[in-house]
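All remarks here apply to the structure that follows.
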Amino acid sequence: MAATVSAPAAPESPRAEPGPPPAAREEGASGRLVSLDAFRGLTILGMLLVNNVTLGAATPRPLTHADWSGRVHLADLVFPWFLFIVGVAIPWARASHRRKGLGAGRRALKASGRALGLVLLGCLVTSAVARQPVLGLGVLQVIGLAYLVAALAAGLPAPARAVLAGLLLAGHWALLRFVPFPGGPAGSFTESQNVIAYLNRAYLAPWHLAGLVSVVPTAALALLGTVCGDALRERRYAPGRKIGGLITGGLLAVALGALWSRDLPMNKPLWTAPYILFTGGWAAAALGALYAVFDARGWRRWALPLVVPGMNAIVAYVAPILVKTMVLQHWTWPMPDGARPTLEQALQQACFAQAGRYAGGWLYTLGYLLFWWLVLLYLYRKRIFLRV
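Using full-length UniProt numbering, count along the sequence shown one by one with no gaps and you end on 388.
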C-alpha cells in the first residue's frame, strides 16, 4: 500500500479539480474521467450504507441481500460494481505504463504485485476482524485475483477480451448445469447442494481456498469493464457515441441476464452468469449516465460529494471495517445504571432515545456515513490518497 501526499497521479483515478474544456479532455490520450471516480464513490457510499444500516427488521428490502431465490436487491449491486470499476480503470493504468516505457513483462509484474497486495490486505482485514490469523478468499482477495486475470489479458484486442469473458461465463454456467457430483445430480442448485459447494467442501476449503471458483465469473466481469474502459479512452468516438454505447450495451446485458436467469437463477453467492450480466449491465449504464453529466457536459464540481470517497477507495473500505470491529464493537461505555454496552450500542441507544427506533436507526446510519465522508474529505483536502 502506498500513500500519496500530493495531487493524485494514479492513472485510474480521474482528477476532480477544474480542467480543460470537455472536448480537450475527450481527445487527450491520457484523459482522466471524473465519472469513474464518481462512480467508484457512489459504489463506496452504497457499501457503507448497506454494511451499516441500523434498522433491524424495518430495514428496507433493497438494502438487504437477496436470498437464494434468484432476485437481486440494491445491496447485491455493490460488489460487482467494484469489480466492473476495477476493469474500467485498467486501460488507464496500461496507458500510463506505456508512457513510462514499461514492457509487457514489467506490466505483468506490476499487475501481479498489485494483486498480491490486495490479497494480503484482504487477509489482514479478515484476520483483524476475527482477531486470529485467517487465510481465505474475502472481498479484497477476490478483487485482487479477478483484477490479475483482467490485467494480464488487457493486451488482447477488445473483441477478444469480450469473447474471453463470454467463454468464462459459459464455462461457469456449464459447470453448474451439467457436471454431476457425489451426492447430487447435474444441475442441483440449492444452497448446500450444488457442484461449487461440493468443490469448496471437498477440495478447496482444506486449503483455505473456498470460493476460488468465483474468480472465473468475477474475472469475466472485470474483463467486460476493460472493454468499456477502452471505449471511453477511444478518441475517435464522440461523447454521444460513448454514452449511447455504455447505456445501450448495459441495458442489453441486463436484458440478457434476465433472460438467462430463466435457465440458471441470478445468485450472488455463486456469481452465476446471469447475475454477472445483470449487475454488470447496470454498472455500464450507470457509468454512461455519470459520464454524460460530469465529463461530456463538464459539470465536474457537482461530482465532488462522490469523488471524495471515490479517490480513497481503499481507506473507505478498510477503515470503517476495522474501526467498527476493533473499536465500536469492542470498547465499552459505562452507563448510569452500571451497564457497559459496547460503544456502538451506546451510540445507537442515544440515537433511539432522541428520535425513536426507526428514525433513530436512520440517524445513526446516516451519521456514521457522514462521519466517514468527512474523514475522506479531510484526506482529499490534504491530498492524501492510499492505494495498493
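Idealized CB from N, CA, C, for every residue including glycine.
In this text the structure is predicted, and so the values were computed from the model without any measurement.
Residue range 384-387 is occupied by the beta strand (DSSP E) that includes Phe-385, with no alpha helix (DSSP H) assigned at that position. The region 257-270 makes no contact with the region 115-135; the number of CB pairs closer than 8 Å stays below 3.
Relative to Ala-283, the option among Thr-248, Phe-189 and Leu-259 whose CA is nearest is Thr-248. Of the other Cβ atoms in all chains shown, fewer than 16 fall within 10 Å of the Cβ of Tyr-378; this residue is therefore exposed.
Between the region 315-330 and the region 65-80 there are fewer than three inter-stretch CB-CB distances shorter than 8 Å, so the stretches are not counted as touching. By the C-beta density criterion, Gly-257 is buried, having at least 16 other C-beta atoms within 10 angstroms. The DSSP-derived three-state label of Thr-332 is strand.
The C-beta separation of Phe-39 from Leu-287 comes to about 5 Å, placing the pair in contact by the 8 Å criterion. Going by DSSP, Asn-52 is part of the alpha helix (DSSP H) stretching over 34-52.
The region 153-170 makes contact with the region 221-231, as at least three CB pairs between them are under 8 Å. In the displayed model, Phe-189 falls within coil according to three-state DSSP, outside both helix and strand.
In this structure, Asn-200 and Ala-210 form a Cβ contact; the two beta carbons are roughly 4 Å apart against a cut-off of 8 Å. Excluding sequence positions up to five before and after Asn-194, its CB lies within less than 6 Å of the CB of Ser-188, all in the same chain and listed in chain order. Counting only unbroken stretches of 4 or more residues, the alpha helix (DSSP H) elements lying wholly within the region 97-169 are 104-130 and 139-153, in sequence order.
By the CB criterion at 8 Å, Leu-33 and Asp-295 fall inside the cutoff. Thr-218 sits in a helix when the DSSP states are folded into three classes.
Boundaries of the alpha helix (DSSP H) around Tyr-380: 357-381. Approximately 4 Å separates the beta-carbon atoms of Gly-310 and Asp-37; this is inside 8 Å, confirming the contact. Contact between the region 135-150 and the region 110-121 is present: 3 or more CB-CB pairs across the two stretches fall below 8 Å. Judged by DSSP in its simplified three-state form, Gly-70 adopts coil rather than helix or strand. The beta carbons of Trp-173 and Ala-273 sit about 5 Å from each other, so the pair counts as a contact at 8 Å. Nearest to Gly-240 by C-alpha distance, out of Arg-297, Leu-277, Thr-218 and Arg-301, is Arg-297.
Around the beta carbon of Lys-382, fewer than 16 other beta carbons lie within 10 angstroms, which makes this residue exposed. Listed in chain order, the non-local C-beta contacts of Ala-154 below 8 Å within the same chain comprise Ile-90, Pro-91, Arg-94, Arg-161 and Thr-226, local neighbours out to five positions each way being set aside. A straight line joining the alpha-carbon of Ala-292 with that of Ala-222 spans about 22 Å.
Leu-290: member of the alpha helix (DSSP H) spanning 273-290, first to last residue. For Ala-253, the enclosing alpha helix (DSSP H) stretches over residues 239-260. Burial state of Arg-61 is exposed, judged by a 10 Å Cβ sphere holding fewer than 16 other Cβ atoms. As DSSP reads the structure, Phe-181 sits in a beta bridge with Gly-184. Shown here, Thr-59 sits in coil according to DSSP, grouped into three states, outside any helix or strand. For Ala-319, the enclosing alpha helix (DSSP H) stretches over residues 313-323.
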